[in-house]
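No gaps in the numbering here: position 67 of the sequence shown is 498 in this note's numbering, and each next residue is one more.
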Amino acid sequence: MEASANRPFKLLGLSGSIRRGSNCIAVLRTLKESLPADVELEIFGLEDVPLYNEDEENDTPPAPVVALRRAITESDGLVIVSPEYNHGMSGVIKNALDWASRPSSGPPLVNKPVTVMTSASSILGGVRAQAQLNETLRGTFSRLPPGRQVVIGNAKQKIREGRLTDEPTRLFALNAIDSLLEEICMVQRRPPRLGPEEAARRAMAKAPR
Ligand SMILES: Cc1cc2nc3c(=O)[nH]c(=O)nc-3n(C[C@H](O)[C@H](O)[C@H](O)COP(=O)(O)O)c2cc1C
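What follows is the structure, given as structure tokens:
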């Protein structure tokens, strides 16, 4: 994506769950609604992306894969929210990342800033899925901004009617988006962006715990 100080930041949201009523999608939806005017978040549904098959790495990959790769390329950064399934990331998100790590001639994930969040009904909030995602993303040469990891435990209490309603968690997640925007500015050599709201959140997040 081209660097320009004047255009809005374009973020792409990927949910590791394609479930109707997914809590991960609810988190993305809430972030989308919470972002300042100069930041857009498009949520890309992964339900049509087929299982990865290297036989299909040719000039005509499946249309949903072309769309996914294009959406990643045209974004400034990714926001991934995944559930934890059996102590790991969901197959849905791993599959999408495998497609996005190819073609080897120019994978869309290379140098792409990516923020990872996990959400689970258990108290641990998907920490093991989070660790796996970070490891996989390192293998794709994408860029993980520094900062605290967003793991949303007890998701059923914090997410209601399709929105992340727990305010401290919402602010914590927004702080991760601030770090993502900082990383994007560094990668694209854009001037740093820090409005008063973000500055206040940063100060809070950097306070010792
Ligand atoms: C097959 C399966 C395996 C699961 N394994 C775990 C797990 O290992 N750890 C955990 O915290 N939650 C686990 N869960 C609970 C999910 O994290 C929880 O259902 C989550 O909210 C699903 O995300 P969604 O609401 O976005 O669909 C599992 C759920 C399913 C369906």
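Ideal Cβ placement from N, Cα and C applies to all residues, glycine included.
The structure presented is a predicted model; accordingly, all values stated were derived computationally and were not measured.
Contacting residues, own chain, Cβ-Cβ under 7 Å from Glu515 (five flanking each side not counted): So the list reads Thr549, Ala551, Gly557, Arg559 and Ala560, once near-sequence residues are dropped.
Which whole runs of the alpha helix (DSSP H) in the region 516-551 are 4 residues long or more, in chain order? Counting only runs of 4 or more, we get 522-531.
Which residues mark the beginning and the end of the alpha helix (DSSP H) in which Gly570 is found? First-last of the alpha helix (DSSP H) with Gly570: Val558 to Gly570.
Pair within 9 Å by beta-carbon distance, Leu459 and Val523: For the 9 Å CB-CB criterion, Leu459 and Val523 do not form a contact.
Please report how far the alpha carbon of Ser536 lies from the alpha carbon of Asp490, in whole angstroms. Approximately 12 Å, taken between the alpha carbons.
If I follow the unbroken beta strand (DSSP E) through Val473, where does it start and stop? For clarity, residue 473 is Glu in the given sequence; the question names Val instead. For Glu473, the uninterrupted beta strand (DSSP E) run begins and ends at Val470 to Phe475, by DSSP.
Ligand 1 heavy atom lying under 8 Å from the CB of Glu478: For ligand 1, not one heavy atom lies less than 8 Å from the Cβ of Glu478.
First and last residue of the alpha helix (DSSP H) that includes Val480? The continuous stretches of alpha helix (DSSP H) do not include Val480, and DSSP gives it neither H nor E.
Taking only heavy atoms of ligand 1 into account, decide whether any of them is closer than 8 Å to the Cβ of Ala468. For ligand 1, not one heavy atom lies less than 8 Å from the Cβ of Ala468.
Name the residue from Val512, Val470, Ile554 and Leu612 whose alpha carbon lies nearest to the alpha carbon of Gly447. Of all alpha-carbon atoms in Val512, Val470, Ile554 and Leu612, the one lying nearest the alpha-carbon of Gly447 is that of Val512.
Does the region 585-593 come within contact of the region 611-625, defined as at least 3 CB pairs closer than 8 Å? As far as the Cβ criterion goes, the region 585-593 does not touch the region 611-625, which means the pair count is below three.
Exposed unless 16 or more other CB atoms sit within 10 angstroms - verdict on Asn454: The residue in question, Asn454, is buried, as its Cβ has 16 or more Cβ neighbours within 10 Å.
Helix, strand or coil at Ser506 according to DSSP, with G and I counted as helix: The three-state reading of DSSP puts Ser506 in coil, since its state is none of H, G, I, E or B.
So, Val480 versus Pro467, is the Cβ gap smaller than 9 Å? For Val480 and Pro467, no; Cβs fall outside 9 Å.
How would you call Gly593, buried or exposed, if buried means at least 16 neighbouring beta carbons within 10 angstroms? Label assigned to Gly593: exposed.
What does the alpha-carbon distance come out to for the pair Arg579 and Phe440? For Arg579 and Phe440, the distance between alpha carbons rounds to 22 Å.
How long is the line joining the alpha carbons of Gly519 and Gln563, rounded to whole angstroms? If you draw a straight line from the Cα of Gly519 to the Cα of Gln563, it comes to about 7 Å.
Provide the residue(s) that pair with Arg594 in DSSP beta bridges, ordered along the chain. Beta bridge pairing from DSSP links Arg594 with Arg591.
Any idea which residues DSSP pairs Gly447 with across the strands? Answer is none; Gly447 lacks a bridge partner.
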